[in-house]
Every structure is written in structure tokens, then in C-alpha cells.
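Numbering (our numbering), first residue to last: 3 to 326.
Ideal placement from N, C-alpha and C gives every residue a C-beta, glycine not left out.
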Amino acid sequence: MDLSRKENLTVTKRRIDAEEAGQRLDNFLLRILKGVPKSRIYRIIRAGEVRINGKRTDVSYHLQADDEVRIPPVRVAEEAPKPGSGAGPTVVFDILFEDDALLAINKPAGLAVHGGSGISRGVIEQLRHQRPQAKFLELVHRLDRETSGILLVAKKRSALVKLHEQIRQGQTDKRYFALALGAWGKPVQAVKAPLHKFLLPDGERRVRVEAGGQPSHTVFRLQKKWADCALVEAELKTGRTHQIRVHLQHLGHPIAGDDKYGDFPRNKQLAREGLKRMFLHACRMRLTHPLTGVPLQLEAPLPPELSHYLSVLDQTAGAPDADA
Numbered sequence: 003m004d005l006s007r008k009e010n011l012t013v014t015k016r017r018i019d020a021e022e023a024g025q026r027l028d029n030f031l032l033r034i035l036k037g038v039p040k041s042r043i044y045r046i047i048r049a050g051e052v053r054i055n056g057k058r059t060d061v062s063y064h065l066q067a068d069d070e071v072r073i074p075p076v077r078v079a080e081e082a083p084k085p086g087s088g089a090g091p092t093v094v095f096d097i098l099f100e101d102d103a104l105l106a107i108n109k110p111a112g113l114a115v116h117g118g119s120g121i122s123r124g125v126i127e128q129l130r131h132q133r134p135q136a137k138f139l140e141l142v143h144r145l146d147r148e149t150s151g152i153l154l155v156a157k158k159r160s161a162l163v164k165l166h167e168q169i170r171q172g173q174t175d176k177r178y179f180a181l182a183l184g185a186w187g188k189p190v191q192a193v194k195a196p197l198h199k200f201l202l203p204d205g206e207r208r209v210r211v212e213a214g215g216q217p218s219h220t221v222f223r224l225q226k227k228w229a230d231c232a233l234v235e236a237e238l239k240t241g242r243t244h245q246i247r248v249h250l251q252h253l254g255h256p257i258a259g260d261d262k263y264g265d266f267p268r269n270k271q272l273a274r275e276g277l278k279r280m281f282l283h284a285c286r287m288r289l290t291h292p293l294t295g296v297p298l299q300l301e302a303p304l305p306p307e308l309s310h311y312l313s314v315l316d317q318t319a320g321a322p323d324a325d326a
């Protein structure tokens with residue numbers, strides 16, 4: 003007998019409230035049936051075992067308030083994480099802001115925002131595991147795994163909808179600090195270069211500047227400058243995948259430590275000097291609270307490893323030039 007499994011052999015029915023409305027059925031079930039593989043979720047939906055108001059439906063169905071969801075008996079695996087499974091230790095998050103509608107954390111570098119591709123537990127899975135009583139927790143936006151800094155999580159469906167609307171309409175202001183390699187020129191540089199997503203032969207996602215790509219706009223402002231690198235603040239006017247990384251590469255100033263678009267020989271040298279991660283940090287975000295309408299400004303200080311490397315630069319390359 004497999005004692006690593008727990009049986010749930012009863013049909014349950016769940017009434018959808020206003021805050022749960024709007025979710026896709028598959029995402030809802032993944033949250034409710036913790037530990038059940040996505041493939042199993044899809045199978046029970048396609049087989050008609052999951053029903054909405056007594057009827058079969060599709061995985062992409064968006065739940066409505068007062069829908070009754072029939073959830074069939076399932077077996078939930080309770081296996082200990084295997085070595086290399088990507089589950090990793092539980093993370094204690096640095097909370098920058100929290101109320102009934104919104105949670106803002108300072109995400110550490112090296113942690114994906116969601117599971118997948120060998121990562122069983124990203125930020126959102128960790129938060130749901132830590133807060134089993136929470137009825138709703140959804141990412142408002144994403145950060146690359148290698149990027150640290152401000153990450154927003156909605157605690158109510160109504161907050162998520164309002165925040166997505168703000169982002170679409172360009173009503174949020176997001177700023178990042180990046181260490182750009184090379185001799186930086188103008189104090190302010192605006193890049194409007196279209197970005198195109200593509201896949202490498204091994205299936206890994208990449209982005210490049212290409213005519214016909216998505217319109218993309220970043221403004222870079224010089225903060226400090228050394229002989230062969232510069233600390234810049236990046237203001238996102240659009241929010242494309244890998245936008246800051248590719249726009250800086252396009253300028254000829256790749257981000258220090260970037261393992262996808264960077265200067266790879268220089269990255270090895272940087273690692274020997276103590277910089278063992280990509281120097282990109284989401285440092286500030288201005289938005290309007292989605293439910294109260296109150297202006298919010300969130301700030302996340304540079305992580306110690308990045309502040310330390312700036313100190314190393316000051317000691318080895320002399321004091322930086324005057325601020326822009």
C-alpha cells in the first residue's frame with residue numbers, strides 16, 4: 003500500500019462567490035486541489051467529472067458568481083520533494099505592503115514567480131502553501147527569475163481586475179536599477195525598439211529587437227558612472243518580456259551578470275569579483291490602490307549583494323562620476 007497518498011473519495015460542491023468569479027476553471031481547480039498535477043486536472047475536466055451547474059464544460063471556462071462547481075473524488079499525492087525537484091526550502095518573504103486587497107513583496111533573485119519547467123514551487127505556490135486560508139492569491143505581474151524587487155499579488159479578484167486595467171492604461175510607474183556594462187554616454191537615453199519573442203532549438207524563450215515586433219519603450223537615466231560600467235535607472239513605458247535586458251543589449255550595454263543577453267566572458271570576471279547574479283532590481287513602483295483609490299509608492303532597497311558590489315566598484319575603480 004502506498005502510504006504517501008491521501009484519499010479524498012467524496013464529491014464536493016463549491017459555490018463561487020464574487021471574489022472567485024472570473025477565474026479560468028483549470029486555474030481555480032489547481033488552487034483548490036493542492037498537489038494534484040495539472041495533467042490530472044485537465045483529464046477530469048475533459049472526462050466530464052467536473053461540472054458547472056450540472057453541465058460539462060471546458061478548461062478555459064471563466065467562472066461566474068453563484069456557479070456551482072462539482073469537484074470529483076481525487077487522489078492527492080503527498081510525496082516528500084525529491085532531490086533536484088525544484089521545490090526548494092520555504093521562503094520567508096519581505097513584505098513591503100499588505101492589506102485586504104493587495105500584497106507587495108520584495109522578491110529575492112533566483113526564485114521564479116510560478117512553478118513549471120522543473121520548479122514545483124515558485125513565489126505564488128509558496129504563498130498559497132504558507133496561507134492555506136487565503137481564498138484568492140494571484141500574481142498581478144511577473145518578474146524574471148533572476149530579477150529581484152517589487153512583486154504585486156492580488157488578494158481579491160476585484161483588485162486584480164483593477165490593477166490589470168491600470169497596467170494596460172499605463173497608469174503605473176515602474177522603475178528598476180541595472181548595472182550596464184561599457185562606457186555610458188548620455189545622461190538620459192530613450193529606447194524605442196520593437197521586440198520579438200522566439201524559441202531556441204531547445205525550446206527556451208528569447209527576445210530580440212526586430213522590425214514588426216511589439217512596440218517597446220524604455221527610458222534609462224544615469225545614476226553613477228565608472229570607467230567601464232554604469233548604474234542606471236530604467237523606466238518602463240511598456241512591459242514586454244525581457245524588455246530592459248534586450249534594450250540595454252541593443253544599446254551595447256548589456257546588464258552585468260545577465261546569462262541570456264550579457265557579455266559572457268565579462269560575467270565570469272564579475273563572478274570572481276563577487277557579483278554572482280544579474281544586476282537588475284525592481285526598486286520602485288507607483289500605482290493607485292485598486293479599491294480605495296489612494297496613491298501608493300512602493301520601494302525595495304537594493305539587496306545586500308548588489309550594494310556590496312557597488313562598494314567594490316568604488317574601491318577598485320575610484321569614486322563614481324557626478325550623478326546625471
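| Query | Result |
| --- | --- |
| How many angstroms separate the CA atom of Met-280 from the CA atom of Ser-313? | 16 Å |
| According to DSSP, Ala-67 sits in a beta bridge with which residue or residues? | DSSP lists no partner for Ala-67. |
| Assuming Gly-151 and His-283 form a contact by the criterion Cβ under 8 Å, report the distance between their Cβ atoms to the nearest whole angstrom. | 5 Å |
| First and last residue of the beta strand (DSSP E) that includes Pro-297? | 297–301 |
| From the DSSP output, read off the bridge partner residues of Ser-150. | His-283 |
| Please report the straight-line C-alpha distance between Leu-105 and Leu-113, rounded to a whole angstrom. | 17 Å |
| Contact defined as beta carbons within less than 8 Å: I believe Lys-109 pairs with Leu-181. What is the distance between those atoms, to the nearest angstrom? | Actually they do not touch by this definition, with Cβ atoms about 18 Å apart. |
| Counting Cβ pairs, one atom from each stretch, are 3 or more of them under 8 Å apart for the region 175–194 and the region 245–257? | yes |
| Under 7 Å Cβ to Cβ from Gly-50, same chain only, skipping five residues before and after it: list those, please. | Arg-58 |
| Does the beta carbon of Ala-49 fall short of 8 Å from some heavy atom of the ligand MN? | Annotation note on the ligand MN: not contained in the displayed structure, which lists no ligands. |
| Can you pull the DSSP bridge partners for Tyr-178? | Ala-236, Ala-284 |
| Measuring alpha carbon to alpha carbon, tell me which of Asp-96, Asp-265, Ala-258, Ile-54 ends up nearest Lys-278. | Ala-258 |
| In this structure, how does DSSP classify Leu-293 when only helix, strand and coil are distinguished? | coil |
| For a quick check, are the C-beta atoms of Arg-33 and Ile-73 less than 9 Å apart? | no |
| Can you list, in chain order, the residues of its chain whose CB lies under 8 Å from that of Leu-5, leaving out five sequence neighbours each side? | With a pLDDT of only 38 at Leu-5, under the threshold of 50, the placement of this residue in the model should not be trusted, and no figure is reported. |
| For Ile-46 and Phe-30, what's the separation of their Cα atoms in angstroms? | 14 Å |
| What are the start and end residues of the alpha helix (DSSP H) that includes Lys-270? | 266–275 |
| What distance in whole Å lies between the Cβ atoms of Lys-262 and Arg-208, which are believed to be in contact at a cut-off of 8 Å? | 7 Å |
| Exposed or buried, Gly-295, counting other C-beta atoms within 10 Å across all chains shown (16 or more means buried)? | exposed |
| In its own chain, which residues sit with a C-beta less than 6 Å from the C-beta of Lys-40, not counting the 5 before and 5 after it? | none |
| Would Glu-21 and Arg-130 be called neighbours here (beta carbons separated by less than 9 Å)? | no |
| Alpha carbons only, please: which of Pro-297, His-291, Thr-318 is nearest the one belonging to Ala-156? | His-291 |
| Asn-269: buried (16+ other C-beta within 10 angstroms of its C-beta) or exposed? | buried |
| Reducing DSSP to helix, strand and coil, say where His-252 ends up. | helix |
| Quick one: grab the DSSP three-state call for His-143. | coil |
| Using the three-state DSSP reduction, which class does Asp-28 fall into: helix, strand or coil? | helix |
| Does the Cβ of Thr-12 have 16 or more other Cβ atoms within 10 Å, making it buried, or fewer, making it exposed? | exposed |
| Write down the C-beta distance between Arg-288 and Asp-175 rounded to the nearest angstrom, noting that I regard them as a contact closer than 8 Å. | 4 Å |
| I'd like the list of long-range same chain contacts for Asp-316, defined as Cβ closer than 6 Å, with 5 residues on each side in sequence excluded. | none |
| Quick check on His-219: does DSSP put it in helix, strand or coil? | strand |
| Quick check: the Cα distance between Ile-97 and Glu-301, rounded to an integer number of angstroms? | 11 Å |
| Output the distance between the C-alpha atoms of Tyr-63 and Tyr-44, rounded to the nearest integer angstrom. | 12 Å |
| Look at the Cβ atom of Asp-265, then the Cβ atom of Leu-183, and state whether they are nearer than 9 Å. | yes |
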